[in-house]
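Beneath this line is the structure, given in structure tokens, with notes to follow.
2 protein chains.
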Amino acid sequence: MAAKTAEPVAPEQACPIAPVVDIVFSRWTTPILWTLHEYGRQRFGELERRITTITPKVLTQRLRQLERDGLVVRTYHPEVPPRVEYEISDLGRSLAPLFAHLSEWAAANLPKVEQARRTYDARS
Amino acid sequence: MAAKTAEPVAPEQACPIAPVVDIVFSRWTTPILWTLHEYGRQRFGELERRITTITPKVLTQRLRQLERDGLVVRTYHPEVPPRVEYEISDLGRSLAPLFAHLSEWAAANLPKVEQARRTYDARS
DNA sequence: CAGTATCCATTTCGATACTG
DNA sequence: CAGTATCGAAATGGATACTG
């Protein structure tokens, strides 16, 4: 908090949480993780139906990313027709308290954000 | 967690934290909030130098958004040359515990994510 | 100093069609 | 069923130059 002169730092170092934000809060990841946490192990099509506005292409991309990061486990059953199941991993589940914390902040403060927006939009 | 049949819900409703994610974790917001929290009230140019890779255009856009959402306070001093100061608001400061929580998760689990990536990239 | 304006590159997205 | 391929639209971002 001291008023030092501005000393440049690497973009990621300017914010220690930047890396985790990229992993956990990139587009579509929270709806996917939330759905997997809420409804348990499920198939590609179920996810697709529950997250109504996502397209299969994007859903695949995001699931691959989450799988690569170890937050989601993909299980392929070589049957005909093929069956694939996705579930949240232990690592993914470890985010639950964080998401709960976020929910609490939202409940307490989202109305304030909305009020701030109304005030801002009203002036000017 | 029950295995109901997939019932479509609105995209935001598929994930209750989606709205707050948009507000708090959209691009550049965490580096900006972090810098304001870390170094206190400061001018546009200081922010620009500390967050080395951001351009003035984008910095302005994000600061406006944060101001509108009530997370940042902008103070204009009508002098010559003009002086503008930005500081984090009480609402913005209320995110500190959440960011700390995120830091803790990162410290404990980022290595696991990196390991998962190495494993994933090694196969296939 | 604190931005704007403009132009352009890149990424991301959605729609659609197709396949093992 | 669980994706992939392809295309084009759109949002976003960066570089640069300029201004009250």
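If you read the protein sequences in the order shown, they are chains A and B. Residue 1 is where the first sequence starts when you use the UniProt record's numbering, and the numbers rise one by one after that. Residue 1 is where the second sequence starts when you use the UniProt record's numbering, and the numbers rise one by one after that. The beta-carbon is built from N, C-alpha and C at its ideal position, and this holds for glycine as well.
Contacts with chain A (Cβ-Cβ distance below 7 Å) from the region 19-37 of chain B involve Pro19, Val20, Val21, Ile23, Phe25, Thr30, Pro31, Trp34, Thr35, listed in chain order.
Closer than 8 Å to the CB of Tyr120 of chain B there is at least one CB belonging to chain A. Among the residues facing chain A, Val80 of chain B is not included, as its CB has no counterpart in that chain under 8 Å away.
In the DSSP assignment, Gln42 of chain A forms a beta bridge with A:Tyr86. Contact with chain A is found for Gly70 of chain B, since one of that chain's Cβ atoms lies less than 8 Å from the residue's Cβ. DSSP, read as helix, strand or coil, puts Arg49 of chain B in helix. When DSSP assignments are scanned along the region 71-118 of chain B, the uninterrupted stretches of alpha helix (DSSP H) that are 4 or more residues long and fall wholly within it turn out to be 90-93.
Within chain A, no residue has its CB atom less than 9 Å from the CB of Ser124 of chain B, the nearest being about 10 Å off.
In this structure Leu102 of chain B touches Ile17 of chain A by the C-beta definition: roughly 5 Å separates them, less than 8 Å. Leu98 of chain B is not a Cβ neighbour of Leu33 of chain B, given a cutoff of 8 Å. By the C-beta density criterion, Thr30 of chain A is buried, having at least 16 other C-beta atoms within 10 angstroms.
At a beta-carbon threshold of 7 Å, the residues of chain B lying near Phe99 of chain A are Ile17, ordered along the chain. Pairing Ile23 of chain B with Val58 of chain A gives a Cβ-Cβ distance that is not under 8 Å.
The Cβ atoms of Val21 of chain B and Leu110 of chain A lie no closer than 8 Å to each other.
Chain order gives the chain B residues near Glu67 of chain A as Tyr120, where near means a beta carbon separation below 8 Å. The criterion of a C-beta distance shorter than 8 Å is not satisfied by Ile88 of chain B and Leu47 of chain B. For the C-beta of Ala96 of chain A, not a single chain B residue is nearer than 9 Å; the gap to the nearest is close to 11 Å. Burial check for Val80 of chain A: the Cβ neighbour count within 10 Å stays below 16, so the residue is exposed.
About 27 Å separates the CB atoms of Glu104 of chain A and Gln42 of chain A; that is not less than 8 Å, and the two are not in contact.
With its beta carbon at least 8 Å from every one in chain A, Lys57 of chain B lies outside the interface.
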